[in-house]
Every structure is written in C-alpha cells, then in structure tokens.
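Q: Right, I'll just put the structure down here and ask away after.
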C-alpha cells in the first residue's frame, strides 16, 4: 500500500516528460552494427558448411531484427519515461544478450526443444523469447520502480520468501547432474536459486544497513583479531550454515559459493573491517575441508580441478573438452560457426549451452573475444558500483553493490570454472547462458540498478526504530505519526 | 589465396573489432564521467538535508556539505547555524572518524535526537538517519559525487 501511494504521489508531483538519451542511442547503434557483423559471419560460415550457395546475409535475419527491435523499443520507453538513469547498462546487456542469441543460433537447435500451440521451437527461438522477456522486465523495472520502500520495509518478509523457495527446492527439486536445481511447473522448469540470490541481496542490504553502526563500533579482542561481540556474529554463522546446507542437501556448489562470496563482500562494504573477511574466509576453508571429506560430489569437482586428465573420458571429460576448445580457438578464434567439431555426431561438451558457453565462445572468437566478453562484465560491474557510490543512504548503496556483485561474482565463478581456474560449479553465465530463470532474475537485477541510478528517485524514508518517539516538546508521537 | 576466405576472415575480424570499438566507446564515456567528477570540487564528506523546519532557520530543503568536523548550534561560529528557540548555542557536533560518522550532544538543553531517540554522549550515525536539533529535522546523507 505504501509503495503504491508513493508511486502515485511522485507521478503526480513530477510531470513525465521525455528526455533524450544520446549516449545510449549511440552505443545501441554500435551494438546493432556489431551484432549484424557477427550474424553475417555466422550465416556465411553455416551456408558454406551446409554446401549452400554463397550469400552475404545474416544467419537468421528475422530473429536478429526482432531482438534489435526489442532493444530499440526498450530505449524508446526509457526516453519517454524521462528518467535520468544510467545510459551504459542497457547497451552492454544488449550486446551480451545478442552474443547469446548468436551462440544459440550456432549450436544444434535440437539441444532444447519445446512444443507450444502445435509448433516446435528450437534452442535459438526459445532463447530469443526469454531474451525479449528479460528486456521487458529490465524496462518495466527501470521505469516503474520509483521508490525502494517496498524493498527496505519488508526485509524479513523477503528473507522468509527466500527460505521458502530454498525449502521448496529441497522438497520438490529435480536432480540435474547430481544437484537439486530445478522446480517444474507444468511445461516450464525454473532454477529457484537465481531468484533467491536477488532476495538474499535485498535482505542483506536491509539487515546490514540497520546494524552497520553497531557492527562498526562494537568490538571484542580475540588474540590479534578485533571481533564484534558474539551476538553480531550470529548472522555470519547462519549464513555459513545456510551455504553449507545448500552444499549438503542440494549439492549445488555454485549457489553456495555465490551466496557466501556476496555475503562476505557486502559485510566488508558495510563495515570496512578486514577482520570479518578473514573470519569468513577461515570459515569457508573449514567448511570446504569438511565438505571435501564427507561428499563425493565435492571431492570429484576438486580432483577434476587439480588434474582433469586423470579421468579424461569420464568425470573430467567436460573440463578437458573445454580446455581443448579454448586451445583450438587460439587468439582470433575459428570464426562463428566454424569451431566445435562433432565427436561421433555429437557436440564434445553436452552442457555447452548452459554451463560452458564461454568455452564455445573461446573456441569461435578466440582469446580476444573472451577478453572482450569479460570486459563487458567489468563494464556492468563498474556501472553498478558507481550507482552504489552515489547512493543517498546505506540501504541503497548496499543494495546496488550487492546486485552488481551477484552478477559479477556469478560470471567469475562460471568463467573461472570453464577455464579451470577454480573448481567447476554449475551456475549460468549471466545474460549468455541458455535459460529463462537466469535471464529473468538478472533482468530484475539490471532493472533495479537502472531505477536506482536515477538521481530523481524518491528520497529514502527516515528510518524508524521500534518504539521511536518524537521529543515531548513537539507534542509527542501524535505529530510524528503518519 | 581464395578471395572468399579472405572476405570471411575480414568479416570475422570486423566482428571482434566491433566488440572492442564498443568497449572503447564505453571507456570514453566512463573517462568523461570520472573527469567531470574530479572537476567538481565538492570536497564534502557527507551532507545534511533539512527535511523539517516550520518556524525556524534554515528552511526546509537546505543542503549542507559536511567536513570531517561539523558543529551545529545557534552561535554564528558553528558550521551549521540553527536559528531555533529550542537549540543551544553549541548544540551538537558531527565527526567523521576513519570508518564511520559519529554525533555527539554538547550538553544541550533540549537534547539531540537520532531517528526520534535522544542520544547520550557519542553515538554512531548512519547515512539515511534523521537528526533532530531543536525543531529542525535533518536527514544525514552520503555526499553526491
């Protein structure tokens, strides 16, 4: 109710007038040119391999046109809404999504099929549908969210929703590669962890901004470490237990790693105290050692990471094939559509569209392409942290930083896993991997960042501690009550 | 060499080059942003925005940039002068100490309130908190850069 009244008030107070976004339109033109070039490169190679006559045309002009049209529509909506939000995020995400579309057009369409209303859709068509939905989510969130009260007021409600989603996955989850990852609703299946990561950031931002002054000032000496008193350490213990619980019950190492890393980063941002980070890292090492001793999945992942060639045709197969793919790519790559030789009529990496898109891009675009893609993630992170740095209060700063880090850390975890820099865990590469829940959840993240980057966003409400009273000489609580 | 092969490689490299052109364009925008931020002198560490002041000075909407030490009171020598019958000559002081901001009540007659609660001695204050001196309410905000 409060959020709704806030929305109406600000809409009435400031008349909406269009505002040109020249930087965004300039960058979007560049994105369109790059994607058309990529599509032509893919189309020519595909036609040549299929023995069709030479034609300098895009691989699938229709899909590309629909996608670029959606980006233009999103841009125009933001222009009409007239908000002064960030102008770099949308083109950057648009480029990442476009690369995803090219990759899905390039992979065998039979990897994922879905029948809807009597028609069959392949991998690229389904991914295009999810990309359009994600762009719609980004635009709608960026335009409509004018107040963050609905996020900051109900942090414990959000936490409860997150835990409920987690429990649902525990109870009704389906197993994918030995991990409880997906929930099925009718014909669709979704990954709740993608949504839980957003909810976690909202809760942590609310919790840490409330207790920040206490966390910073209180301290207790323990040897060389200055630690906060025990009660303030409990959330950290709870978070650690939750991450370990995800590993134990769900066998989802990626989500556990992501949640704990983002939690530690946010605690550090909120308090600027290295002792929390040191403590968290010690707990992480202890937890990892326990998990390694107790669980086969964890042991397998770590052993493969140490040396995948021990079992190159069995457990280490995907990682070895991923390394070969990067190696075949070299510096310039084989060109879109020309890489990924089939092994016995099948792709070398089975989960290439979800877990290993970076390996496919590494082979076809080479080192230069992979560096450019990692650079695009850095741009997203820079913009997000900038939103955080110019936020008006702690909650908003922590929210923006957390949302940014959740995307950045996830990209790092899966890119590092593909490159054998860290043990492989099954999370998606944001905006590039195939998958609806990942695209939609990351769309919400980017939409919120765009909304928060607007200087004209509603001022944060004054915090009201429980039992707060106005000073008596002002006539007591009656005057302050709303 | 087959002209077709050369042509397809030109397209492939143009695609990669396009990716870097995009990065270059973004980097130029970021640099321009950073330069604009450094040109802007605003050395303030935080700001106080007046959100409620009906009968006294400063009026609602006034914004003060804060240095590491900012005193508040009725005396003209304070960093922030509050013309209010319920404010003391030297009422309170805001200090930035390395990691966090603190507010201290300087034994004022009517007290200093953070989020509606009176403070005792030195107490931590967070961005977004509401500070009340006499009948003037401020919101304590992060500096805009």
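Residue numbers (my numbering), protein chains in the order written: chain P, 125 to 606; chain F, 563 to 707. A virtual CB, placed ideally from N, CA and C, is assigned to each residue, including glycine.
1) For chain F, check one thing: does any of its Cβ atoms lie closer than 9 Å to the Cβ of residue 131 of chain P?
2) Using a Cβ cut-off of 9 Å (strictly closer), state whether residue 497 of chain P contacts chain F.
3) Could you confirm whether any beta carbon from chain F is found closer than 9 Å to the beta carbon of residue 140 of chain P?
4) Identify which residue in P:569, P:233, P:575, P:562 has its Cα closest to the Cα of residue 315 of chain P.
5) Measuring only between beta-carbons, confirm whether residue 508 of chain P sits less than 9 Å from chain F.
6) Confirm, please, whether the CB-CB distance from residue 191 of chain P to residue 151 of chain P is below 9 Å.
7) Which residue from F:689, F:638, F:622 puts its Cα closest to that of residue 337 of chain P?
8) What's the gap between the Cα of residue 608 of chain F and the Cα of residue 619 of chain F?
9) How long is the line joining the alpha carbons of residue 628 of chain F and residue 617 of chain F, rounded to whole angstroms?
10) Specify, as a first and last residue, the run of the alpha helix (DSSP H) that residue 295 of chain P falls within.
11) Identify the contact partners of residue 216 of chain P in chain F, using a Cβ-Cβ distance below 9 Å as the criterion.
12) Closest to residue 429 of chain P by C-alpha separation, out of P:358, P:444, P:220, would be which residue?
13) Please state whether the Cβ-Cβ distance between residue 498 of chain P and residue 566 of chain F is less than 9 Å.
14) For residue 359 of chain P and residue 331 of chain P, which I take to be in contact (beta-carbon distance under 8 Å), what is that distance rounded to the nearest angstrom?
15) Please compile the residues from chain F whose C-beta is within a distance smaller than 9 Å of the C-beta of residue 271 of chain P.
16) In terms of residue numbering, what span does the alpha helix (DSSP H) encompassing residue 374 of chain P cover?
17) Span of the alpha helix (DSSP H) holding residue 487 of chain P?
18) Between F:623, F:622, F:630, which has its C-alpha nearest residue 660 of chain F's C-alpha?
19) Please confirm whether residue 165 of chain P and residue 574 of chain F have their CB atoms less than 9 Å apart.
20) For the region 213 to 244 of chain P, list the alpha helix (DSSP H) runs that are entirely contained and at least 4 residues long, ordered along the chain.
21) Of the residues F:637, F:594, F:687, F:694, which one's Cα is nearest the Cα of residue 678 of chain F?
22) When you compare only the Cα positions, how much space is there between residue 637 of chain F and residue 291 of chain P?
23) Between residue 598 of chain P and chain F, is the shortest Cβ-Cβ distance under 9 Å, so that the two count as touching?
24) May I ask you to verify whether the region 410 to 425 of chain P touches the region 365 to 384 of chain P, counting CB pairs closer than 8 Å and requiring at least 3?
25) Taking one C-beta from the region 452 to 460 of chain P and one from the region 528 to 547 of chain P each time, how about it: are there three or more such pairs within less than 8 Å?
26) So, using beta-carbon positions, are residue 413 of chain P and residue 357 of chain P closer together than 9 Å?
27) Less than 9 Å between CB atoms is the rule here; does residue 337 of chain P satisfy it with respect to chain A?
28) Determine the contact status of residue 508 of chain P and residue 496 of chain P, defining contact as a CB-CB distance below 9 Å.
29) If contact is defined by three or more beta carbon pairs under 8 Å, each pair taking one atom from either stretch, is the region 242 to 251 of chain P in contact with the region 204 to 217 of chain P?
30) Taking the C-alpha atoms as reference points, what is the distance between residue 484 of chain P and residue 235 of chain P?
31) Determine, using beta carbons only, whether residue 675 of chain F and residue 687 of chain F come nearer to each other than 9 Å.
32) Under 7 Å Cβ-Cβ, which residues of chain P neighbour residue 598 of chain F?
33) Closest to residue 482 of chain P by CA distance: which of P:504, P:466, P:449 is it?
34) May I ask you to report which of helix, strand or coil DSSP gives residue 675 of chain F?
35) Select from the region 171 to 203 of chain P all residues with a C-beta closer than 9 Å to any C-beta belonging to chain F, and list them in chain order.
36) Kindly indicate the opening and closing residues of the alpha helix (DSSP H) around residue 251 of chain P.
A: If we stick to the structure as given:
1) With a pLDDT of 46 at residue 131 of chain P, under the threshold of 50, the modelled position of that residue is not reliable, and the figure given next carries that caveat. Not an interface residue.
2) yes
3) no
4) P:562
5) no
6) no
7) F:689
8) 21 Å
9) 24 Å
10) 279 to 296
11) 584, 588
12) P:444
13) no
14) 7 Å
15) In chain order: nothing, as chain F lies at least about 14 Å away.
16) Segment: none, residue 374 of chain P is in no alpha helix (DSSP H) and carries neither H nor E.
17) 481 to 513
18) F:630
19) yes
20) 213 to 230
21) F:694
22) 60 Å
23) In this predicted model, residue 598 of chain P has a pLDDT of only 36, less than 50, meaning its place in the structure is not dependable; the value taken from the coordinates is given anyway. Chain F contact via Cβ: present.
24) yes
25) no
26) no
27) Protein chains P and F are contained in the structure displayed, whereas chain A is not.
28) no
29) no
30) 14 Å
31) no
32) Those do not exist, as residue 598 of chain F stays about 12 Å from chain P at its closest Cβ, beyond 7 Å.
33) P:449
34) strand
35) 172, 178, 180
36) 247 to 268
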